[in-house]
Structures are given as C-alpha cells and as structure tokens.
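In the working numbering, the protein residues as written are 51 to 289. Virtual Cβ for every residue (Gly too), placed ideally from N, Cα, C.
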Ligand SMILES: Nc1ncnc2c1ncn2[C@@H]1O[C@H](COP(=O)(O)OP(=O)(O)OP(=O)(O)O)[C@@H](O)[C@H]1O
Ligand SMILES: [Mg+2]
C-alpha cells in the first residue's frame, strides 16, 4: 500500500484535491502536546523504551521536523519572523513531508509512532497563541492529513493520532522550568499571556475530541507524571 500522489489521481479528480494517504493499518500513533517546558521530551524516550520492552517496534519523531526537509523548515519557523499564514503554511508543508515519508510508512509497518507535537500544536500555537483563523487551519489539516481506507471512495477521513497525551501545566510553572534551561526560540520568548492562549487552544481541542485526548497533570513530580502516562496506556491495553 503506497501513498497516492497528485499525479496518481484519476483524471476526473480536481488538481485541487489533496493526495490521499492510506487508511488505518495496524500501527499506533501517539502524539505528545503541551506548552514549551511542560515535560514532553522528558517522558517520550522512556515511553519508547517501555514499548520496545513490550516487543513493539517504535518510531520516535517530532514536529515541526522529522525529515530532512521538515527539519530545515523547523529552523526557519522557530527563528524567523513571519506572518501567521506564512507560519502555518510552512508548518503544514513540513507536516505533509513528515506524514508522507515517516508517519504513514511507520503506521503501515505496524510501528508504535511517538510524535513530539502534531496538528493540535498548530491549533494551539497558531490558532490560540497567534489568534490565526481556525477555519484555515482546518482546511490545511484536511489537505495534509487526508487519508482513505478504500481508494475507490472519494470520501476521506483524517489521519489523526489514536491518542494525544496533553501535558497540562500552568504557563508560570513552565516558564520557571525553562528559565535556565536553554536559549529561548521565537515561541519560547513569548510572554505568559501567549502561553495562556496556547493552553486554551489545547483545551478547546480536547473538548472537541475528548476520546482522543488524555490530559496529564504535568505540574506533578516527574515520577508521578510518568506513572500517569503508563496508567493511560495500560488502561487501553497498549502496554
Ligand atoms: N515534572 C517535572 N517537574 C519539574 N521539572 C520538570 C518536570 N518535567 C520536566 N522538567 C524539567 O523542565 C524542563 C522542560 O522539560 P522538557 O524539555 O521535557 O519540556 P518540553 O515539553 O519537551 O518542552 P519543549 O516543548 O520546549 O520542547 C527540563 O529542564 C526538565 O528537566
Ligand atoms: Mg521538548
């Protein structure tokens, strides 16, 4: 099963239609979300080890990034000033490359795919933080993540994580954690009010799709956060 490209579309389909990805194929897609400093990177590697010990092949990746092209776009997006539409287009361009070349193939192989941020981050940062048009983000999401279980049918669904672990942490605490950690990038240098809007953006995504999300209280000590994450996966029978 391969990814279909625009050139492979039947003649009657408009060139404006997105190229569909293959549908569900046995892999497990888990994304990790939360404001900068919430603790995603601290836990994702340990979780990858836990899945490997459980006998699963794991692909560990991140956004923006995850491919050579998308990592180049990451550098631009995290460091250069630009308007919110340009920013969103570059992030979704990076996402398309990542989905086509890494995410869809890993899921087709049956891997556990652990992704440090995915599309919820675009709704939270560009939508919530920057106040950018959510309808435009939804259109980009539909274009980039269109997939189908049956190539004969025009109706498409979206490639989405099976589970999104949201590290919920008050922006004040995240700022304290990051204060001495590293040179802030374009987003990390934003004021607290920006991160409050980002957090509200995540909360809105959870409200729309409560079954996809697991909210973790990320203000706890690292051991307790790790225990809560394992509990979520054990409850689903995935570990
Ligand atoms: N539960 C915790 N309690 C206290 N400090 C923590 C906790 N989890 C992580 N930290 C520390 O907070 C800092 C940020 O953590 P981490 O890099 O995992 O966050 P992140 O969500 O990956 O951030 P970013 O989105 O910027 O990559 C690190 O210095 C880390 O050691
Ligand atoms: Mg991180």
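Asked: Just list the residues that DSSP pairs residue 19 with in beta bridges.; Found: Since the first residue shown for the chain is 51 and the last is 289, residue 19 is missing from the structure and cannot be characterised.
Asked: Could you tell me if residue 114 is buried or exposed, where buried requires 16 or more neighbouring beta carbons within 10 angstroms of its beta carbon?; Found: buried
Asked: Using a threshold of 9 Å, state whether the C-beta atoms of residue 291 and residue 164 are closer than that.; Found: What the structure shows of the chain is the stretch from 51 to 289, and residue 291 is not part of that stretch, so it cannot be assessed.
Asked: Helix or strand or just coil, what does DSSP make of residue 117?; Found: coil
Asked: Using DSSP's beta-bridge definition, name the partner residues of residue 92.; Found: Beta-bridge pairing links residue 92 to no other residue.
Asked: Per DSSP, what kind of secondary structure is residue 269 in: helix, strand or coil?; Found: coil
Asked: Which of the three DSSP states, helix, strand or coil, is assigned to residue 97?; Found: helix
Asked: Tell me whether residue 185 sits in a helix, a strand or coil according to DSSP, three-state version.; Found: helix
Asked: Which of the three DSSP states is assigned to residue 112 in this structure?; Found: strand
Asked: For residue 175, which residues of its own chain have a beta-carbon under 8 Å away from its beta-carbon, when the five flanking residues on both sides are left out?; Found: 237, 248, 251
Asked: Can you tell me whether residue 105 is buried or exposed, with buried defined as 16 or more other CB within 10 angstroms of its CB?; Found: exposed
Asked: In chain order, what residues of the same chain have a beta carbon less than 8 Å from the beta carbon of residue 266, not counting five sequence neighbours either side?; Found: 215, 216, 217, 218, 275, 278, 279, 282
Asked: Give me the Cβ distance between residue 162 and residue 78, rounded to the nearest whole Å; I'm assuming they're in contact under 8 Å.; Found: 5 Å
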